[in-house]
Amino acid sequence: MTKPRVLLLKKLPDEAMRIIGAHCEIKAYDEKRIETREGLLELLSDVDGLLQTDVRIDAELLASAPRLRVASNQSVGYNNFDLAAMRERGVAGTHTPYVLDDTVADLVFALLLSAARRVPELDRLVKRGDWGRDGAQAEDHFGIDVHHATIGIIGMGRIGEAIAKRAALGFDMQVLYTNRSRKPRAEEAYGAQRRPLEELLRASDFVVLMTPLTAETRGMIGEAELACMKPTSVFVNASRGPLVDESALVRALTENRIRAAGLDVYAEEPVDPNHPLLRLPNAVTLPHIGSATAKTRYDMAIAAANNLVGGLLGDRDVHLVPE
Ligand code: DGY
101 MTKPRVLLLK
111 KLPDEAMRII
121 GAHCEIKAYD
131 EKRIETREGL
141 LELLSDVDGL
151 LQTDVRIDAE
161 LLASAPRLRV
171 ASNQSVGYNN
181 FDLAAMRERG
191 VAGTHTPYVL
201 DDTVADLVFA
211 LLLSAARRVP
221 ELDRLVKRGD
231 WGRDGAQAED
241 HFGIDVHHAT
251 IGIIGMGRIG
261 EAIAKRAALG
271 FDMQVLYTNR
281 SRKPRAEEAY
291 GAQRRPLEEL
301 LRASDFVVLM
311 TPLTAETRGM
321 IGEAELACMK
331 PTSVFVNASR
341 GPLVDESALV
351 RALTENRIRA
361 AGLDVYAEEP
371 VDPNHPLLRL
381 PNAVTLPHIG
391 SATAKTRYDM
401 AIAAANNLVG
411 GLLGDRDVHL
421 VPE
């Protein structure tokens, strides 16, 4: 029996290459990724499977990939999938949930604490020798407390729950959340209270956006939502950039209508180095590294490899994306 042929657009650990290589013919592996969309479409013409992170799988790509049966994302997010086009062509989409929940929740707290305690600003002052009363020690560089504050989590999925756990059990925070359905476990274990979005925004000291990007959620945090937030509040986004109207966020931060933001994601990535967000002292900006620890990225690669092989061979459980 001929092995399915696969295209890999990620540098994978040896074990993931072994899992794939045992069952598939690896057509190409490009560490730098495919430079142009045309080049990618050409490479897809005779493959049965594709492993990558954020390549847009849409009708145009599918038309160039007549044999494609499985698109395996090495990420939990799957907003790069045009699910309707994939369904029509019978292409399965897989992703890597579970293995990254705690790692992303840790990163959310890194952003939240950095923004609250002004870690990057103070780090810069110390490194340029500005330790004193007029510099790093000045009262106007004081931060705000995280412990015993109120956190509002928009989207109480697995990562949201991991954030709620840290907030309630580690920092004695009051947890509010929005979600399509109630989350009794989070309510019981972390005292989380479900609230309508506007109420959550008005009551929270820290607002954390942790919801998938869909047609409904795109742009869900704009001028009106930011206007509901307290002037002392901190906004954190480690889910997807297009959930937020970035111009409105820049205005709110510039005019001190909210206190600070911690961002791991942007409307366009990589973010333009001249983006106004990057010039704001009250915005902590990271390069979409929510899941980027060595162990978690390894686990994600193994999961993506198993999803790819399992999807093609039908011989193991795979994590199909929810429809
Ligand atoms: C994902 O896997 O979708 C996250 O964005 C990782 O940071």
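Residue numbers 101 to 423, in our numbering, belong to the letters of the sequence shown in order.
The beta-carbon is built from N, C-alpha and C at its ideal position, and this holds for glycine as well.
#1: At what residues does the beta strand (DSSP E) containing Val170 begin and finish?
#2: Cβ of Val365 within 8 Å of Cβ of Ser339?
#3: Could you tell me which residues DSSP puts in a beta bridge with Ala262?
#4: Please write down, chain order preserved, every residue whose beta carbon lies under 5 Å from a heavy atom of ligand 1.
#5: Considering Cα atoms alone, identify which of Leu109, Asn382, Asn180 is closest to Asp158.
#6: Around the C-beta of Gly252, are 16 or more other C-beta atoms found within 10 angstroms, so that it is buried, or is it exposed?
#7: Mind checking who Gln293 pairs with in its DSSP beta bridge?
#8: Residues bridged to Asn337 by DSSP?
#9: Start and end of the beta strand (DSSP E) containing Thr194?
#10: List the endpoints of the continuous alpha helix (DSSP H) containing Thr385.
#11: Can you name, in chain order, every residue of its own chain whose Cβ lies under 6 Å from the Cβ of Gln293, other than the five neighbours on each side?
#12: At a Cβ threshold of 8 Å, is Glu287 touching chain C?
#13: Could you check how far apart the C-beta atoms of Lys227 and Glu261 are, in whole angstroms? I think they sit under 8 Å.
#14: Span of the alpha helix (DSSP H) holding Val371?
#15: For my contact list, Val421 and Gly410 are in at a C-beta cut-off of 8 Å; report their separation, rounded to the angstrom.
#16: Would you list the residues sitting across from Gln237 in a DSSP beta bridge?
#17: Out of Thr196, Lys103, Ala267, which one is the CA nearest neighbour of Asn406?
#18: When the Cβ atoms of the region 221-238 are set against those of the region 184-198, are three or more pairs found closer than 8 Å?
#19: Spatial neighbours of Gln274 within its chain, please: C-beta separation below 6 Å, excluding the five flanking residues on both sides.
#20: Give the range of the beta strand (DSSP E) segment to which Val208 is assigned.
#21: Can you grab the Cα-Cα spacing for the pair Pro331 / Pro104, in whole Å?
Per the coordinate set shown:
#1: 170-173
#2: yes
#3: Residue pairing from DSSP leaves Ala262 without any beta-bridge partner.
#4: One residue after another in chain order, those with a Cβ under 5 Å from a heavy atom of ligand 1 are Ser175, Val176, Gly177, Gly390, Ser391.
#5: Asn180
#6: Buried, since its Cβ has 16 or more Cβ neighbours within 10 Å.
#7: Bridge partners of Gln293: Leu276.
#8: Leu309, Leu363
#9: Counting along the chain, the beta strand (DSSP E) containing Thr194 begins and ends at 192-194.
#10: Here Thr385 belongs to no alpha helix (DSSP H); instead the beta strand (DSSP E) covers 383-385.
#11: Leu276
#12: Included in the structure is just one protein chain, with no chain C present.
#13: Rounded, the Cβ-Cβ distance is 37 Å, inconsistent with contact.
#14: Premise fails: Val371 is in no alpha helix (DSSP H) and is neither H nor E.
#15: So it is not a contact: roughly 14 Å between Cβ atoms.
#16: Its beta-bridge partners do not exist; DSSP assigns none.
#17: Thr196
#18: no
#19: Beyond the five residues adjoining it in sequence on each side, Gln274 comes within less than 6 Å, by CB distance, of Thr250 in the same chain, given in chain order.
#20: Element bounds for Val208: not the beta strand (DSSP E) but the alpha helix (DSSP H), 201-217.
#21: 56 Å
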